[in-house]
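Written out below as structure tokens is the structure these notes cover.
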Amino acid sequence: MNEQHPLTQAVVDGRRKEVGALVTQCLEAGESAGSILENRLVPGMMIVGERFKQNEIFVPEMLIAARAMKEALKVLEPLLLVAGVKPEHTAVIGTVEGDLHDIGKNLVAMMWKGANIEVIDLGVNVPAAKFVESVKQHKPQLVGLSALLTTTMPAMRDTVKAIRDEGLAVKIVIGGAPITREFAREIGADGYSPDAGSAVDTAIELLRATA
Amino acid sequence: MHYKSLAIEDPSELIFGISPKPVLTRSGMVIGGGTVYPELNFTLPPMKIDAGTMPEVRHNYEQIIAGALGRAAELDAPGVVIEFETLPPMTEHPAWGLEIAKILLEGMQQEACRSGLKSVLRMTPNDNREFERPPLMRRGRYWDAMLELFEGSAAAGAELLSIESVGGKELHDEALVNGDLAGSLFSLCILGERDMRFLWTNLQTIADKHGVKCAGDTACGFGNTAMVLAEQKMIPRVFAAVVRAITAVRSLVAYECGAVGPGKDCGYENPILKAITGYPMAMEGKTSACAHLSPMGNLAAACCDTWSNESVQNIKLLGGMAPTCYMEQLIYDCRLMNTARGHGKESARQLQRWFVESDAALDPQAFILSPESSVALARVIVNSDSYYHAGVAVARKAVELLREAYGQGKLHIEPKEVAWFDTMQDDLDELPESESEFIGRQLALADRSRFLPQEYELKG
Ligand code: B12
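As given, the protein sequences belong to chains A and B, one line each in that order.
653 is the number of the first residue of the first sequence in the working numbering; add one for each residue after it.
1118 is the number of the first residue of the second sequence in the working numbering; add one for each residue after it.
Encoded structure:
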């Protein structure tokens, strides 16, 4: 395995208590906040995401790394704000109306955050109108819809339609146990992912296509 | 604890088709009295449920019940349990749920007249309380509508009342994805226990009023969520198995409040509950892969009294409509078990051994629910002095059983999971002895935007 930067490695190992000091060290060595985020922290989460995808680690271990990343961001955020650095991409995600299943959706949101996408999570049982409102307000490049019930799949169709009817330029990706690629195509969504690991790849692909 | 001793002490007696306290239905089925019955559950294909689609919804259920019962009669089923598990809009609008319950009861009546097929309806309104965030557990429109549906269906002739209740779940999902045993114990043995007691006391009042039976609950939202997450490689299987052991403490409360079984199908913790209470249990395994995957398709049958498919969509398969196909599969599964029983105790035990042996060594969840493990876990529960202590003790026992079996080469565990034995042991060792101290600690950690302590008689 490649030798990682100590900060990157600390994120990978989830050493929450150490990352703050390591970030400070990097800053003192003259590295910019933006570069620390992009070149030290995000690669750490990418490694963790990859390990998870390869079934080498479990979600609890991934969350430990995510918490370490959060700890580092606490130090960096004020500096990033001053420097005007923002995540390049924003996503709005939620479980559609009538549906309360959210474990899968939460995992997708977490993976997207790890890939340095700003994620606005609308929660569960989200009406189409609320998605539309949120897209107008936050101007994301990506919308993620989740549904676990066969009886809420139609709400997914309605939500895609509502967003399209407003002429909002945003990529829509959908997922959930009963969802298929065919269904995504049928209702006019731009993408589908069967799991949280590939949801990152799908997002990045769609975002690249927008860029 | 209400139960202080076991109804079944000998693992070989924790067996399919027989329970010390059988349930007699109005149509004359004796569940747990020597025959395993098929229990069919079904759901809608992709479609919306609203006033406009209700005619189509009705048509689906008419088609399901006629097709499935017709096949059951052709195959000479000794009797069937029909479970109607509602979808959220059907509980929110109890009139819709009730209408469908009546369609099913009518279909059952018609088949009884036509062919003499015995049947009984298990009514399982889904628990909508968490539509409110944070959930209101004891009041509000979701609670009122749910009780109205229970009451209406009991009056209409649904003889068995069940629910997959969700009290405490608002904190449990988070505990699962964090691999947090203390959080799981708090959700199940403190919050879950309190909500179960409140809910099932209310349900028992309804059952008494209409002369029907409270059947039982399931920790589906807890234990099956963990099991499915483990199947998807999200959390360790050993962790999911230990969580399963803890769920038994919570699901037991329904029986303490008057439920008599058959326990609800997706409660994989049911073998532990059967050992404690002696009531019959529904189980599901290989024939419920249509709903979700599990690592114990055969073993789950080892002590079932009804054998279920969990849920299947009303879609067309090559053999026919899916519920009809699943009815057939369940009936053949049951025939085999009933034939073994017909050959005497030894034959039944042989089949029970095969069910167990074919799964137990391959997965910790299966191992923990074998008759031997179930009795050992049940014993720890009845020997405890509180639900919290029972939860901690049963988790310890589960870790001990798994570790021992792994050490002796009797159980396969993935290498990356082995370290979790120590992690879980350490987490359990760090728990305070005193329940009030534990509650204080967990309340301090709990995300208050997600749950309301007063809904569980806890001070914020
Ligand atoms: C756990 C669970 C619950 C929990 C939910 C906990 C929670 N906070 O989410 C509880 C107990 C509350 C629950 C309730 C109900 N449930 Co439920 N539930 C499940 C179960 C067992 C697992 C779902 C799960 O969490 N899986 C683990 C996660 C990680 O996987 P996932 O959700 O599939 O997500 C992954 C992918 O799909 C994808 N993905 C998901 N979302 C998105 C979004 C995007 C944008 C992308 C890219 C990818 C993506 O990535 C995720 C991560 O890898 C399923 C069984 C199944 N086969 O799925 C039933 C299931 C979905 N439930 C079912 C039912 C019927 C219900 C209830 C009506 C039951 C009842 N009678 O009470 C209620 C309905 C509540 C409601 N209004 O929504 C049925 C659905 C049947 C149908 N008609 O469709 C199922 C199939 C089980 C069954 N009985 O057959 N349930």
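Built from N, CA and C at the ideal position, the CB exists for glycine as well.
beta-carbon Ala767 (chain A) near the ligand B12 non-hydrogen atom, thresh 7 Å: Ala767 (chain A) Cβ: outside cutoff for every heavy atom of the ligand B12.
Proximal residues to Glu1373 (chain B) (C-beta, below 6 Å), its chain only, five neighbours per side dropped: When the five nearest sequence neighbours on each side are left out, the beta carbons in the same chain lying within less than 6 Å of the beta carbon of Glu1373 (chain B) are those of His1119, in order along the chain.
Outcome for Asp1312 (chain B) when other beta-carbon atoms lying within 10 angstroms are tallied against a minimum of 16: It counts as buried.
Quick check for students: name the residue ranges of the alpha helix (DSSP H) that lie wholly in the stretch 1258-1319 of chain B, counting only runs of 4 or more. Fully enclosed alpha helix (DSSP H) runs of 4 or longer: 1286-1294, 1298-1302.
Rounded C-alpha distance that separates Glu1281 (chain B) from Ala1299 (chain B): Between Glu1281 (chain B) and Ala1299 (chain B), the C-alpha separation is close to 22 Å.
Taking only beta-carbon atoms, is Phe783 (chain A) less than 8 Å away from chain B? By this cut-off, Phe783 (chain A) is not an interface position.
Under 9 Å from the C-beta of Met1171 (chain B): neighbouring residues of chain A: Scanning chain A for C-beta atoms nearer than 9 Å to the C-beta of Met1171 (chain B) yields nothing, as the closest lies near 13 Å away.
Within the present structure, is the beta-carbon of Cys1337 (chain B) separated from the nearest heavy atom of the ligand NAD by less than 7 Å? This structure lacks the ligand NAD; its bound ligands are the ligand B12.
Are the C-beta atoms of Leu1204 (chain B) and some chain A residue less than 8 Å apart? Taking Cβ atoms only, chain A reaches closer than 8 Å to Leu1204 (chain B), which makes this a yes.
Check each residue of the stretch 1151-1172 of chain B: if its Cβ is closer than 8 Å to any Cβ of chain A, include it; give the result in chain order. So the list reads Thr1160, Leu1161, Pro1162, Pro1163, Met1164, Lys1165, Ile1166, given in the order they occur along the chain.
Beta carbon of Lys823 (chain A): closer than 7 Å to some heavy atom of the ligand B12? Relative to the ligand B12, the beta carbon of Lys823 (chain A) is positioned no closer than 7 Å to any heavy atom.
By Cβ distance below 6 Å, which residues in the same chain neighbour Cys1331 (chain B) in space, the five residues on each side in sequence not counted? If we look at Cys1331 (chain B) and ignore the five residues flanking it on each side, its Cβ neighbours are Leu1278, Leu1320, Gln1321, Ala1324, Gly1375, Ala1376.
Within its chain, find whatever has a CB closer than 7 Å to the CB of Ile1307 (chain B); leave out the 5 residues flanking it on each side and keep chain order. In chain order, Tyr1505, Ile1556 place their CB closer than 7 Å to the CB of Ile1307 (chain B), counting only its own chain and leaving out the 5 sequence neighbours on each side.
Take the Cβ of His741 (chain A) as the centre, count every other Cβ of all protein chains shown within 10 Å, and call the residue buried at 16 or more, exposed below. His741 (chain A) is buried by the Cβ-count criterion.
Is the distance from the Cβ of Ala1185 (chain B) to the Cβ of Leu1215 (chain B) below 8 Å? Not closer than 8 Å, so no.
Quick check on His1289 (chain B): buried or exposed, where buried means 16 or more other Cβ atoms within 10 Å of its Cβ? Under this definition His1289 (chain B) is a buried residue.
If you draw a straight line from the C-alpha of Gly736 (chain A) to the C-alpha of Gly746 (chain A), how long is it? Rounded to the nearest angstrom, the gap between the Cα atoms of Gly736 (chain A) and Gly746 (chain A) is 28 Å.
Using only alpha-carbon positions, find the residue among B:Leu1204, B:Ser1232, B:Gly1149, B:Val1511 that is nearest to Arg1188 (chain B). The option with the nearest alpha carbon to Arg1188 (chain B) is B:Ser1232.
If contact is defined by three or more beta carbon pairs under 8 Å, each pair taking one atom from either stretch, is the stretch 1534-1546 of chain B in contact with the stretch 1509-1524 of chain B? Using a Cβ-Cβ distance cut-off of 8 Å, the stretch 1509-1524 of chain B and the stretch 1534-1546 of chain B are in contact, since at least three pairs of beta carbons, one from each stretch, lie closer than that value.
Report all residues from its chain with a CB closer than 6 Å to the CB of Ala828 (chain A); omit the five preceding and five following residues, and keep chain order. Per the sequence shown, the amino acid found at residue 828 (chain A) is Gly instead of Ala. So the list reads Ser798, Ala799, Leu800, once near-sequence residues are dropped.
Report yes if the C-beta of Gln1180 (chain B) is less than 7 Å from at least one heavy atom of the ligand B12; otherwise report no. It does not: the Cβ of Gln1180 (chain B) is nowhere closer than 7 Å to a heavy atom of the ligand B12.
Alpha carbons only, please: which of A:Glu818, A:Gln793, A:Asp817 is nearest the one belonging to Ala855 (chain A)? For the residues A:Glu818, A:Gln793, A:Asp817, the minimum Cα distance to Ala855 (chain A) belongs to A:Gln793.
Using a cut-off of 9 Å between C-beta atoms, extract the partners of Gly1300 (chain B) located in chain A. Within 9 Å Cβ-Cβ: nothing; Gly1300 (chain B) doesn't reach chain A, min ~11 Å.
Check distances from the C-beta atoms of the stretch 719-752 of chain A to those of chain B and list, in chain order, the residues that come in under 7 Å. Residues passing the 7 Å Cβ filter: Gly750, Leu752.
Nearest-angstrom Cβ-Cβ length linking Ala761 (chain A) and Asp773 (chain A), presumed shorter than 8 Å: Contact holds; Cβ gap of about 5 Å.
Chain A contacts made by the stretch 1509-1542 of chain B, where a contact means CB separation under 8 Å: So the close ones are Lys1533.
Looking only at its own chain, which residues have a Cβ that is under 6 Å from the Cβ of Pro1206 (chain B), when we skip the five neighbours before and after it? So the qualifying residues of the chain are Ile1166.
Using a Cβ-Cβ cut-off of less than 8 Å, list which residues of the stretch 1412-1429 of chain B approach chain A; keep chain order. Within the stretch 1412-1429 of chain B, no residue qualifies.
Whose CA, out of A:Met698, A:Asp842, A:Glu729, A:Leu733, lies closest to the CA of Ala717 (chain A)? Per the Cα distances, A:Met698.
Mind checking if Thr803 (chain A) is an interface residue toward chain B, Cβ cutoff 8 Å exclusive? Judged by the 8 Å Cβ criterion, Thr803 (chain A) is in contact with chain B.
Terminal residues of the alpha helix (DSSP H) in which Phe1472 (chain B) lies: Element bounds for Phe1472 (chain B): 1462-1477.
Closer than 7 Å: is that where the CB of Glu1202 (chain B) sits relative to any heavy atom of the ligand B12? Yes, the Cβ of Glu1202 (chain B) comes within 7 Å of a heavy atom of the ligand B12.
At a cut-off of 7 Å, is Ala848 (chain A) close to the ligand B12 when judged by its beta-carbon and the heavy atoms of the ligand? Checking the Cβ of Ala848 (chain A) against the ligand B12 gives yes.
From A:Ala767, A:Ala681, A:Gly672, residue whose alpha carbon lies closest to that of Val852 (chain A): Closest by alpha carbon: A:Ala767.
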